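Let me begin by presenting the structure, written as structure tokens, before commenting on it.
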């Protein structure tokens, strides 16, 4: 199947700093990428939908100024957590969808963010 | 009421057992149904995908969708310790926005 690479897999940062997470589709062009957040023993919560070349669509309750999403190319989307706080500590996962197989989304490995 | 309900478990079975995982949903517009497997600290990987009602089989895995009851199932035959993971159901009305269950934690005991 298609490969989606997410980097870094784990990051620890100090409170108040910003962290950038990258999501790359390695063998296909992804016009749409999704960013999720997952708390322990809870479901994936969709944060935003990222479309190449346009502004991301954020879900209700997600602060767009805090979670900056950039989808500058067909193979790369980035999520920047700005001025991170301990409550932002979570597992962040991206997924990408092949344009011709719109129902099959492939997930990255996830990023474990810990804000201390 | 959540869009998708899934028993979080944990579920523990002996090796070789048949495992039944289930999800219920409330939105009758859902047409696309998926099962993902997620190992600890990893992203989910797609196991099965079904459109509308019916059954689909892939090796030891069988997915069933009953739209009249708003109920989907994943069966794992001859379960193996390597099947130990969290299983997430997901569904979508159009294939654009996905709604996930909370996941069921499964442990297969050798």
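Residue numbers (the numbering used here), protein chains in the order written: chain A, -13 to 102; chain B, 323 to 432.
The beta carbon of each residue, even a glycine, is placed where N, CA and C say it ideally should be.
Everything numeric in this text was worked out from a predicted model, so none of it was measured.
{"query": "Of the residues B:402, B:414, B:421, the one placed nearest residue 339 of chain B, counting alpha carbons only", "result": "B:402"}
{"query": "Three-pair Cβ contact test at 8 Å for the stretch 326 to 341 of chain B versus the stretch 1 to 18 of chain A", "result": "no"}
{"query": "Environment of residue 428 of chain B [buried if 16+ CB atoms lie within 10 Å]", "result": "buried"}
{"query": "Proximal chain A residues relative to residue 376 of chain B, where beta-carbon distance stays under 7 Å", "result": "Correct list: empty, because the minimum Cβ distance to chain A is about 15 Å."}
{"query": "Check whether residue 64 of chain A and residue 8 of chain A have beta carbons under 8 Å apart", "result": "yes"}
{"query": "Below-8 Å beta-carbon distance, residue 364 of chain B vs any chain A residue", "result": "yes"}
{"query": "Beta strand (DSSP E) segment containing residue 15 of chain A, residue limits", "result": "Looking at the DSSP string, residue 15 of chain A is not in any beta strand (DSSP E), and its letter there is neither H nor E."}
{"query": "Beta-carbon spacing of residue 94 of chain A, residue 28 of chain A below 8 Å", "result": "no"}
{"query": "Those runs of the beta strand (DSSP E) which lie wholly inside the stretch 38 to 90 of chain A and span at least 3 residues", "result": "53 to 59, 62 to 67, 76 to 83"}
{"query": "Identity of the residues DSSP links to residue 337 of chain B by a beta bridge", "result": "Per DSSP, none; premise fails for residue 337 of chain B."}
{"query": "Simplified DSSP state of residue 329 of chain B, which is helix, strand or coil", "result": "coil"}
{"query": "Beta-carbon proximity of residue 10 of chain A to residue 363 of chain B, cut-off 8 Å", "result": "no"}
{"query": "Residues near residue 35 of chain A by beta carbon distance below 7 Å, same chain, minus five either side", "result": "18, 20, 42, 43"}
{"query": "Minimum length 3: unbroken beta strand (DSSP E) runs contained in the stretch 381 to 418 of chain B", "result": "383 to 388, 393 to 398, 407 to 414"}
{"query": "Alpha-carbon to alpha-carbon, residue 39 of chain A and residue 58 of chain A", "result": "6 Å"}
{"query": "Where the beta strand (DSSP E) through residue 102 of chain A begins and ends", "result": "Unbroken run through residue 102 of chain A: none, as it is neither H nor E."}
{"query": "Cβ neighbour criterion (16 or more within 10 Å) applied to residue 393 of chain B", "result": "exposed"}
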